[in-house]
Amino acid sequence: MKNEWPLWEIFIRGQHGLSHRHVGSLHAPDAEMAVKNARDVYTRRNEGVSIWVVEAKHITATAPGEKGPLFEPSESKVYRHPTFYDIPEEVGHM
Amino acid sequence: MAEVDKQALLQFLLRMGDNTLILGHRVSEWCGHSPVLEEDIALANTALDLIGQTQLWLGYAAEVQGEGKTADDIAFLRDAWDFRNVLLVEMPNGDFGQTLMRQFLFDAWHSIMLGRLMKSSDKTVAEIAEKASKEVAYHLERSADTVVGLGDGTEESHSRMQAALDYLWPYVGEMFESDDVDDAMAAAGISVDPASLREDYDALVCKILSDATLTIPESRFAHKGGRTGYMHTEHLGHLLATMQWLPRAYPGCQW
Amino acid sequence: MYAQLVKTAGTGVKSQEEMTDQEREFQDKIDRDIKIEPKDWMPDDYRATLIRQIGQHAHSEIVGQLPEGNWITRAPTLERKAILLAKVQDEAGHGLYLYCAAETLGVTRDEITEMLLDGRMKYSSIFNYPTLNWADIGAVGWLVDGAAIMNQVPLQRTSYGPYSRAMIRICKEESFHQRQGYDAIRKMAEGSPEQKKMAQDALNRLWFPSLMMFGPSDKDSVHSAQSMAWKIKINTNDELRQKFVDQTVPQIEFLGLDLPDPGIKWNEERGHYDYTDPDWSEFFNVIKGNGPCNVDRLAARNKAWDDGEWVRDGLLEHARKKAARKHAAE
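Quick mapping for you: the protein sequence lines, in order, are chains G, X and R.
Count the first sequence with the UniProt record's numbering and you get residues 1 to 94, in order.
Count the second sequence with the UniProt record's numbering and you get residues 1 to 255, in order.
Count the third sequence with the UniProt record's numbering and you get residues 1 to 330, in order.
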């Protein structure tokens, strides 16, 4: 199996100015070919205007076991959300 | 438009459209059989572009011909002697290396040609060239990269690519042949003299083939007969027998 | 559906008491529709079953390129050629998405490809049937993709995140497949007498193999119960088959073609169409390797893989050389 092409993660920015979004993976011998393959595989239906590729092994991810300490503390910070505040209707849109 | 110009224009459009028709057909033969999924998908994209360009070229040819025919009639109901594609594109796929070498040798010509045609005095020709040139720029990038990758890859891939180049090189020259049709097209500003593309072509091809560590054969001998229809290879008849069978076996049907 | 007779690993559904804490927590997540992601803990049997199921699904897409690819070079118009090519290309894409989903479970694409090539893994029985006339291309899109969609739409909600995401993407792309198939066969059904004959022939030949795609009845299977508890199987085979028949019969009638099974009759009491069960001995024969095209299909895949080896190796070697040169220059 040592001759298998490496796996790449593909990120595409769509037409509407949103950030690059992970769309899937593919195999390619190097980064340049990964970009080309991504163009052929993941933009067949006019899905993108920009492509990022990252070799899968270079992605560092959070561990599932850390979900609690990483993400739960923000649940209680409700004051960060605009809906936390009551604004009188007469004031208008804010 | 004068009658003689119309005939020449028709021949020119058939040459453009038959090239893309026959090459698109050849490339589509790979679907489901490529060395790796990513290549399978990429080759299908190339074939789809070429089929789309065929619809435009042959659609315009049908219009110029003025006999009420469609692009499909022209593609499916002519015999081999009426085809005007260069011999290069009807050559069999061979192995993947031969297919990609054929693609590269054609893409290089195609991209230069379309670049010139974008300035055509004929508005429709210029529009088709404008659309096709973007597609072909990508075809060229991809086929050139693959030719370099395989030429400068393993010993085996190198020798297969050299064999493919040796086999196909004698079919390169025909793309730069000129005749009365070309003179008429050049004079009308619709197209250019194919011979005038050779310098750019050689520069591009030499650069890529040198990156691919491949040696261009010394002989400049060129097979010809495709773009005039005088003498195609035996391969074309078999391709047409497959491609045209249904509409010919069941004439007049809608599909 | 493209995954048939997938053997579920393990001994069937465990009760809450039989489960370990980890297993209970895992099942609880599934019950609450929380997706399982690649790095999450999962039972070995869940992982093994998913690899088999996603792998079989992927292989079906790839082998499924062959019967339709059989007609790309004979498509009767430029537009039909482009449509068919784009469709078969999509199958390759779907296979690719699914292989990538399988790879998140710790198996490489090359490894499961080799299991297809040497017969350790299967693909859907339907692709061992031939495409003999142009109307088959319409019928495959309409019936075969139609049957596949029946299964794939609910699988968008499957418990395994990467599988679910692949199915969402596939379903989005797939919707054109069935429609182009029906459109193609409709042209034939409304065409010349010969074209109509082709359409009828295609329908008659592909009807029962399409019903077989859902697999034999599994309503009493303990293995299916486990896969359903894991939400990697959403409906029973019989449910999906009935749904397919109910949806398809009016479409056949609209085409003006004869029903391919004299047993098809509306059953007022059940609110469904009755139909004749396919010949399951034929199905098991096809699964065993005795279908009309098993040998050719596997030979074609093996040839593509073997012939492509020098290309894969060559391009990889070039990438290594290029990286080494870049490194040396720095």
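No residue lacks a Cβ here, since even glycine has one placed at the ideal position from N, Cα and C.
Non-local C-beta neighbours of X:Gln11 in its own chain, meaning closer than 8 Å and more than five positions away in sequence, comprise Arg84, Val181, ordered along the chain.
The continuous alpha helix (DSSP H) containing X:Gly115 extends over residues 96 to 117.
In the displayed model, R:Asp274 falls within a strand according to three-state DSSP. For G:Gly24, the enclosing beta strand (DSSP E) begins and ends at 21 to 27.
Put simply, the backbone Cα of R:Thr8 is about 22 Å away from that of R:Tyr97. Rounded to the nearest whole angstrom, the C-alpha separation of R:Ser221 and R:Gln152 is 21 Å. Excluding sequence positions up to five before and after G:Ile59, its CB lies within less than 7 Å of the CB of Glu9, all in the same chain and listed in chain order.
In this structure, X:Ala126 lies near X:Lys119, with their beta-carbon atoms less than 8 Å apart. Within chain R, not a single residue places a beta-carbon under 8 Å from that of G:His20; the smallest gap is close to 16 Å. Taking a Cβ-Cβ threshold of 8 Å, the residues of chain G close to R:Cys100 are Leu7, Gly24, Ser25, Leu26, in chain order. Annotation: the continuous beta strand (DSSP E) that includes G:Ser50 extends over 50 to 55.
Beta-bridge analysis with DSSP links G:Trp8 to G:Leu26, G:Glu55. In chain order, Ser178, Asp182, Ala186 place their CB closer than 7 Å to the CB of X:Asp193, counting only its own chain and leaving out the 5 sequence neighbours on each side. Its Cα nearest to that of X:Leu23, the residue X:Arg102 stands out among X:Arg116, X:Arg102, X:Cys253, X:Leu37. Within the stretch 54 to 74 of chain R, the residues whose Cβ lies closer than 8 Å to any Cβ of chain X are, in chain order, Ile62, Gln65, Leu66, Gly69, Ile72, Thr73, Arg74.
Sequence-distant partners of R:Leu84 (beyond 5 residues in either direction) whose C-beta falls short of 7 Å from its own C-beta, in its chain, are Glu68, Trp71, Ile72, Ala75, Ile137. Contact annotation: the stretch 13 to 31 of chain X does not touch the stretch 209 to 218 of chain X, with fewer than three C-beta pairs closer than 8 Å. Sequence-ordered contacts of the stretch 26 to 46 of chain G with chain X read Leu26, His27, Ala28, Pro29, Glu32, Met33, Lys36, Asn37, Arg39, Asp40, Val41, Arg44 [C-beta pairs closer than 8 Å]. Classified as exposed, G:Leu18 has fewer than 16 neighbouring CB atoms from the shown chains inside 10 Å of its CB.
By the rule that beta-carbons nearer than 8 Å mark a contact, R:His327 does not touch chain X. In this structure R:Tyr2 is in contact with R:His57, their Cβ atoms being roughly 5 Å apart against a cut-off of 8 Å. In the three-state reduction of the DSSP assignment, R:Lys197 falls in the helix class, which pools H, G and I.
Close partners of X:Glu234 in chain G (Cβ separation under 9 Å) are lacking, with about 33 Å as the shortest Cβ gap. Here R:Arg169 has Tyr97 as same chain residues with Cβ atoms under 7 Å from its own Cβ, once five neighbours each way along the sequence are excluded. Nearest CB-CB separation between X:Asn45 and chain G: below the 8 Å threshold. Between the C-alpha atoms of R:Tyr273 and R:Glu239 there is a straight-line separation of about 12 Å. Among the residues of chain R, those whose CB is under 7 Å from the CB of X:Gly149 are Gly314, Leu315, His318, following chain order. The Cβ of X:Gln98 sits no closer than 8 Å to any Cβ of chain R. Between R:Leu96 and chain G, the shortest Cβ-Cβ separation is below 8 Å. By the C-beta criterion, the stretch 173 to 189 of chain R is judged not to be in contact with the stretch 206 to 224 of chain R, since fewer than 3 inter-stretch pairs fall below 8 Å.
DSSP, reduced to helix, strand and coil, places R:Lys14 outside both helices and strands of the structure shown, so it counts as coil. Per DSSP, R:Lys265 is one residue of the beta strand (DSSP E) stretching across 265 to 267.
Per DSSP, the beta bridge partners of G:Arg13 are G:Ser50. A distance below 8 Å separates the beta carbons of X:Ala42 and G:Asn37. With respect to G:His27, R:Arg52 sits apart: the two C-beta atoms are not nearer than 8 Å. Excluding residues up to 5 positions away in sequence, Trp57, Tyr60, Ala61, Val64 lie with their Cβ nearer than 7 Å to the Cβ of X:Leu13 in the same chain.
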